[in-house]
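In the numbering used here, the protein residues as written are -18 to 531.
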């Protein structure tokens, strides 16, 4: 009887402890989660990282950011509420930087403190959280945006392609759990592009993508979820066969196979030791956490109904396809396949903007896709296209080599195209960066005609000069000057006999083409800062110099 009472009391105490967990803290509890039933295990020492990313994917939305330690993810200094209204990236970074600065100050103050027992308030809380190496911790502060809302949308979007992705992985004898990697990479966003130029749900970079699929000016198969999955399967299989370890193979997907082979050679298969001790310029926070993110995403997906009730999973895409024997124009495809431009773009995400705009043709060999609900034979419809609308080659492109002083908008203006078209043709990122010597492919367009200059009788009231002298200003370059005087950099190089057109210096006098101006009059250009005064003399070239605004 006494034994039964004692067991009952112990059970009651256990329930009370479970129900009242004690004071909550910003520090995330260290929960062990093995995932052994899913082919993958959480290596000892990686639990806190997996737990952190589980919280990011399932508890905190993009309205929150966690300020944390980069080495020990169980140290979370603060959960920052960013507000319901989305902030711009710059505004968000400013707000978070202010908070990170606060904790850097606190940690360095603690590091300098000789009597830690006198610490109070925030300083004491941070001291108890970090416990040691305070100055080092002050250099390891980072902010991570929550992903709960994005992850939920990713799960709903994944229904479009998930069954096909799992079938492709099975073809390559790969575990189907790898199908959660697009959640980590892109939240299953088809049009996802990273600042590094990675594209599609599998986030292939241009260089790696070209090893496994077609990546060009007309077609980018990285953007097609199914075609990209074949490439991802080949890459993952290659990685695993090389390192014989899934933690290393999956990390190699992010970091690169050669780097993981070097890490294995140095530290063996001890994955946690590799994360802690392997040093490489490119082996940073993202690579060190990639496998932990994968394990966390796998857990959340397997328990999606627990974390995301009332999910509305998109239905799988059902399509028919046909491999094109010739090059055809987008308008031809729209007419004979009875599809709008938007429909073609949606079912054929690999087609790039130059094709959809008609600047390039849909290439020969491309597997054209159409919704199966159309109940038509694409081969039969293709047979109705007249021979004169089928081509053996692609439309030729124009090329331009970037010179010093060129800008993307300037090149676009010169060749009567748009900045967006130039970026699309040349895989240029968000920052619009181009460099001297870079060869740009130009969309079909017309080069701006340069005005011709002719001499007229100087007795006429409205005169034209042949050449005038111009004094080079600070920050000038040949392209800017050419644009200002409505000519080309090549023409300026020729008339000035420059050996090195990039070696201009302030105060240097160069010849520039004159324009039809009224003699002895001050004219104002579109740029109000450039008020030009021209004095024509019969004996010598006149001087033309923009006045700077004081």
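Note that the Cβ used here is the ideal one computed from N, Cα and C, for glycine as well. Please read these numbers as outputs of a predicted model, since none were measured by experiment.
task: Note down, in chain order, each residue of its chain lying with its Cβ closer than 8 Å to the Cβ of residue 6, except the 5 sequence neighbours on either side.
output: Because residue 6 carries a pLDDT of 41, less than 50, the predicted location of this residue cannot be relied on, and no value is offered for it.
field: Cβ-based neighbour list, residue 315, same chain, cut-off 7 Å, excluding 5 preceding and 5 following
entry: 321, 322, 325
- prompt: What number of angstroms, rounded off, separates the C-alpha of residue 444 from the C-alpha of residue 463?
  reply: Low confidence applies here, because residue 444 scores a pLDDT of 32, under 50, leaving its location unreliable; read the following figure in that light. If you take the alpha carbons of residue 444 and residue 463, they lie about 21 Å apart.
query: Which partner residues of residue 492 appear in the DSSP bridge assignment?
result: 450
- request: Classify residue 175 as buried or exposed, calling it buried when 16 or more other Cβ atoms lie within 10 Å of its own Cβ.
  value: exposed
field: residue 587 and residue 333 closer than 8 Å at C-beta
entry: This structure cannot speak to residue 587, because the chain is shown only from -18 to 531.
Spatial distance of residue 392 from residue 29 (CA atoms): 51 Å
Rounded separation between residue 455 and residue 461 - CA only: 12 Å
message: Quick check on DSSP: helix, strand or coil for residue 41?
response: coil
message: At the 8 Å Cβ level, is residue 494 part of the contact set with chain C, yes or no?
response: In the displayed structure, chain C is absent; only one protein chain is listed.
Collapsed DSSP secondary structure at residue 318 in the structure displayed: coil
- request: Under the assumption that residue 277 contacts residue 34 (Cβ atoms under 8 Å), give the Cβ distance between them as a whole number of angstroms.
  value: 3 Å
message: By alpha-carbon positions, which one of 53, 93, 47, 54 ends up nearest to residue 78?
response: 47
task: To the nearest angstrom, report how far apart residue 416 and residue 387 are at their CA atoms.
output: 8 Å
- request: Between the Cα of residue 142 and those of 163, 124, 125, spot the shortest distance and give me the residue it belongs to.
  value: 163
Three CB pairs or more closer than 8 Å across the stretch 84 to 103 and the stretch 153 to 162: no
query: When the distance is taken between beta carbons, is residue 271 closer than 8 Å to residue 232?
result: yes
- request: Could you say which of 353, 306, 181 lies nearest to residue 371 if we only look at CA atoms?
  value: 306
query: Contact between the stretch 333 to 346 and the stretch 281 to 301: three or more CB pairs below 8 Å?
result: no
message: Taking the alpha carbon of residue 235 as the reference point, which residue from 248, 249, 216, 250 has its own alpha carbon closest?
response: 216
message: I need the boundaries of the beta strand (DSSP E) containing residue 161, first residue and last residue.
response: No beta strand (DSSP E) holds residue 161; DSSP gives it neither H nor E.
message: Taking 8 Å as the cut-off, does the stretch 181 to 193 touch the stretch 241 to 252 (at least 3 CB pairs, one atom from each stretch)?
response: no
field: Same chain, Cβ closer than 7 Å to residue 64, neighbours up to 5 away in sequence not counted
entry: 44
query: Do residue 353 and residue 293 have their CB atoms nearer than 8 Å?
result: no
- request: Would you grab the beta carbon distance between residue 57 and residue 87 for me? Rounded to a whole angstrom, and I think it's under 8 Å.
  value: Actually they do not touch by this definition, with Cβ atoms about 14 Å apart.
- prompt: How many angstroms separate the CA atom of residue 54 from the CA atom of residue 89?
  reply: 20 Å
field: Counted within 10 angstroms of its Cβ, other Cβ atoms place residue 548 as buried (16 or more) or exposed
entry: With the chain running from -18 to 531 in the structure shown, residue 548 is simply not present.
message: DSSP three-state label for residue 125, please.
response: strand
query: Which residue from 401, 396, 420, 383 puts its Cα closest to that of residue 483?
result: 383
task: List the DSSP bridge partners of residue 372.
output: 308
field: Contained beta strand (DSSP E) runs [length at least 3] in the stretch 30 to 116, N- to C-terminal order
entry: 45 to 50, 57 to 62
field: Sub-8 Å separation of residue 136 and residue 287 beta-carbons
entry: no
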